[in-house]
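K.L.:
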Amino acid sequence: MPRLSRLGLATAAVATLGLASCGPTATTGTGSGGIPQGEYVLVGMDGGTVPLRNVTLVVGENQLTGRGPCNSYSAENNVALPALQLSPIVSTKMHCKDAPLENRFLATLQSATEMEFFGGVLKVKSPRTWLIFEHGHRADEAQVSALEAARGTQ
């Protein structure tokens, strides 16, 4: 095969891999109600943005789990998605400086009644507000610490 053809083939393969990595890879499948299962990160709550990407939600077929800035949590969903009727959320009980944010998040999630997924955004609706999530993973501790240090919040 001529060198130029091999170079073109290699370039096409790299481009294909690059495009494949652009899509939402956090999902493991689409659950009932059109809600993709997988890991999400909280980006909005109470009508505002969440400053750090340190709260996650993992959507399973009949369970929601995740991590907040202080603790991990889990709850069973007792109805079919996109509806929500969560069992009491079980959480580890460690305290940290972001406990107020985590407590507000968990209270909102506990009262949630439904989810919707559109345009890559997962919205969890409670009677008083929405939780807004995007596909992704929790920011690692080094990233969070560096951002907080830059903001002067440590």
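Numbering (mature numbering (1 follows the signal peptide of the UniProt record, and there is no 0)), first residue to last: -26 to -1, 1 to 128. Idealized CB from N, CA, C, for every residue including glycine. If you're wondering where the values come from, they're calculated on a predicted model, not measured in any experiment.
(1) Could you tell me which residues DSSP puts in a beta bridge with His69?
(2) Which residue from Leu96, Asp114, Glu50 and Thr82 puts its Cα closest to that of Asp20?
(3) In angstroms with no decimal places, state the Cα-to-Cα distance between Asp72 and Gly8.
(4) Which of the three DSSP states, helix, strand or coil, is assigned to Glu76?
(5) When DSSP labels each residue in this structure, what does Gln37 get in the three-state scheme?
(6) Tell me whether Cys70 is buried or exposed, calling it buried when 16 or more other Cβ atoms sit within 10 Å of its Cβ.
(7) Can Ser85 and Pro101 be called in contact, C-beta distance under 7 angstroms?
(8) Does the Cβ of Pro56 have 16 or more other Cβ atoms within 10 Å, making it buried, or fewer, making it exposed?
(9) Assuming Gly94 and His109 form a contact by the criterion Cβ under 8 angstroms, report the distance between their Cβ atoms to the nearest whole angstrom.
P.N.:
Quick look at the numbers:
(1) Answer is none; His69 lacks a bridge partner.
(2) Thr82
(3) 32 angstroms
(4) helix
(5) strand
(6) exposed
(7) yes
(8) buried
(9) 7 angstroms
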